[in-house]
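Residue numbers (the numbering used here), protein chains in the order written: chain A, 32 to 207; chain B, 13 to 463.
Heads up, the thing below is written out as structure tokens.
This is the structure:
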């Protein structure tokens, strides 16, 4: 009978009770210690989402493209814009290209202006995993005499994140 | 074992929510309502503020653990069939997750930025938002961040209030919901959270900066575990996985419902309106209704979980259920062994002198049948440590000890063995049977009925 049970047959009920209490106390202490250390310790584990097998180029900027179509406001009511104010109806799309080395295009995308009529700004926000190497980012408005910008070549190493922003004077790079 | 936290996960969760809410209300009053001041202020908190910030964080972390365990427990016990509780529970879990993530983001440190970027990846991956919203966490515009700050603060507080309201919906259909844990458990959990807060005070990471992306930041896994999927799957795939899993879990009660129809039948002619079944049902599935000029019990199938506890609660034996079989004919000198279904039983207990009857809940075995067995043999009852159907074991003990209707008549009560399942219970049972049979020959008293 005793083989498959925890306690040998010849133990008395009192011994069983004492042993049972010891197990309970040990369980409470062990459980408390695990919770006490486990919850804070696990909560302090770092996690990386940008590192590892690739480098990262993050493109992030907002740009108001050149107007393609403009109309004059004809509103006459007092709460509307005055007559003769020039309102942009449509703006140009912009194209962003990422090139590795001299001519290896790894990313290209056309961004349309936001808004129902396509008359608002363009928002570029992309996280691109890339192989190690030298890169250039270029930007151009898809219209006649639109703005064009090209970044100088910059290196990206594995596990590195390069944040690329477009400012007044051209591209700005930030690394980590 | 009455204070085993695994037996009180629901009330323990509620208590941890109270701790998190109370400490949260306190830190809210010390929290500057501006994202640019929030980081500096929170990072500098010390003394009571720092202690309560840590209490807020650790009680929330522990709360997520107990809530998930409670959900798993309910799923394994088949409670997902009660769709209102199951669906509301899943929605509460989702709300708790959002409350936790927004709370972590309100610190405005590296982790907040990382969580923001990962949340944006998921939102964009779901196809509901355009990628441009990621700029909120890349950009340096104070206005943009200020807007997000207000939204996050609102969501964090509003969803917390919604959680408290949702708990009412989650428990409203339970009879006598256990909302407060036993005092020992309450003290233990409070002490443990306070000890965590004192020994490991929570600290902020580096300040959120649009110029420095969080290449490697702390990520609270209790709320951030869902984001870890983003390391192996694309955001769209994570959304698909979460959608399929979440949708499947929400639909579970409706998919399983069709083959779950063994509701108890009430013999209205026998019902004498004593209301014992109404009092005993742990799920509020029985009410008294008027029928042909008299008041009788009526079952609400939507609430019934087929535990069979009502079968044993009727003194007139007016309730039967296909899921609760009649006891076998009495075999003099044998031991009737009543078990809750699913218990692992050693082979030697399946043989003579044992006659094994397995039922959904031992609380469904009527005292009359047990009485018959006790006249000519012995009865042993082994119930679950934590009653799957809430009150089955409690009612059984009260009925068999003559303290609740329908009662076991006194006299043969010493031929009865009742124990909660434990690894040692089968050994104790065999020892009891040996001594019981021996001592009966000598006409001595028979012992042993333990909690």
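Don't be surprised by glycine CBs; every beta carbon is placed ideally from N, CA and C.
Between residue i and chain A, is there a C-beta pair that is closer than 8 Å?
i             : result
residue 234/B : yes
residue 401/B : no
residue 150/B : yes
residue 117/B : no
residue 212/B : yes
residue 94/B  : no
residue 324/B : no
residue 458/B : The predicted position of residue 458/B is uncertain, since its pLDDT is 38 and thus under 50; a value taken from the coordinates is nonetheless stated next. With 8 Å as the cut-off, residue 458/B does not count as an interface residue toward chain A.
residue 302/B : no
residue 121/B : no
residue 297/B : no
residue 229/B : yes
residue 249/B : no
residue 146/B : yes
residue 285/B : no
residue 81/B  : no
residue 208/B : yes
residue 127/B : no
For residue i, count neighbouring C-beta atoms within 10 Å of its own C-beta (all shown protein chains included) and say buried if the count is 16 or more, exposed if not.
i             : result
residue 285/B : exposed
residue 352/B : buried
residue 25/B  : buried
residue 117/B : buried
residue 170/B : exposed
residue 189/A : exposed
residue 442/B : buried
residue 22/B  : buried
residue 288/B : buried
residue 53/A  : exposed
residue 133/B : buried
residue 73/A  : exposed
residue 179/B : buried
residue 110/A : exposed
residue 253/B : exposed
residue 172/A : buried
residue 154/A : buried
residue 56/B  : exposed
Quick one: list the residues of chain A neighbouring residue i, beta-carbon separation under 9 Å, in chain order.
i             : result
residue 243/B : 78, 79, 80, 83
residue 70/B  : 70, 71, 74
Among residues of its own chain, excluding the 5 on either side of residue i, which ones have a beta-carbon nearer than 6 Å to its beta-carbon?
i             : result
residue 264/B : 92
residue 164/A : 131
residue 172/B : 111
residue 194/A : 89, 205
residue 208/B : 70
Of all the options the options, which has the alpha carbon lying nearest to the alpha carbon of residue i?
i             : options                    : result
residue 101/A : 90/A, 93/A, 117/A          : 117/A
residue 330/B : 128/B, 311/B, 106/B, 317/B : 311/B
residue 4/B   : 23/B, 54/B, 366/B, 408/B   : Residue 4/B lies beyond the residue range present for chain B, which begins at 13 and ends at 463; the question has no answer from this structure.
residue 357/B : 290/B, 383/B, 324/B, 394/B : 394/B
residue 47/B  : 409/B, 428/B, 168/B, 161/B : 161/B
residue 29/B  : 58/B, 49/B, 201/B          : 201/B
residue 95/B  : 377/B, 295/B, 207/B        : 295/B
residue 432/B : 407/B, 216/B, 399/B, 229/B : 399/B
residue 157/A : 174/A, 196/A, 58/A         : 196/A
residue 131/B : 120/B, 114/B, 102/B        : 114/B
residue 306/B : 280/B, 320/B, 292/B        : 280/B
With a threshold of 8 Å between beta-carbons, can residue i be considered close to chain B, or not?
i             : result
residue 91/A  : yes
residue 141/A : no
residue 156/A : yes
residue 61/A  : no
residue 224/A : Because chain A in this structure spans residues 32 to 207, residue 224/A falls outside the shown range and cannot be described.
Along chain B, in chain order, which residues have C-beta atoms closer than 8 Å to that of residue i?
i             : result
residue 182/A : Within 8 Å Cβ-Cβ: nothing; residue 182/A doesn't reach chain B, min ~17 Å.
Output, in chain order, the set of chain B residues within a Cβ distance shorter than 7 Å of residue i.
i             : result
residue 65/A  : Correct list: empty, because the minimum Cβ distance to chain B is about 10 Å.
residue 197/A : Per Cβ cutoff of 7 Å: no residues; residue 197/A is ~12 Å from chain B at best.
Spatial neighbours of residue i within its chain, please: CB distance less than 7 Å, with the 5 preceding and 5 following residues excluded, ordered by chain position.
i             : result
residue 17/B  : 24, 197
residue 187/A : 86, 88, 161, 163, 164, 166, 193
residue 409/B : 430
Less than 8 Å between C-beta atoms, sequence neighbours within five positions excluded: which residues of the same chain meet that for residue i?
i             : result
residue 379/B : 324, 411, 412, 418, 419, 420
residue 181/B : 96, 100
Just to make sure I have the definition right: I need the residues of chain A whose C-beta is within less than 8 Å of the C-beta of residue i. Which are they?
i             : result
residue 41/B  : Under the 8 Å cutoff, chain A gives no residues; its nearest Cβ is about 24 Å from residue 41/B.
residue 74/B  : 66, 70
residue 64/B  : Simply none; closest approach about 16 Å.
residue 86/B  : Ordered by position in chain A, no residue passes the 8 Å Cβ test against residue 86/B, which lies about 22 Å from the chain.
residue 240/B : 78
residue 204/B : 63, 66, 67
Report the neighbours of residue i on chain A: residues whose CB is nearer than 7 Å to its CB, in chain order.
i             : result
residue 143/B : 156, 157
residue 130/B : 80
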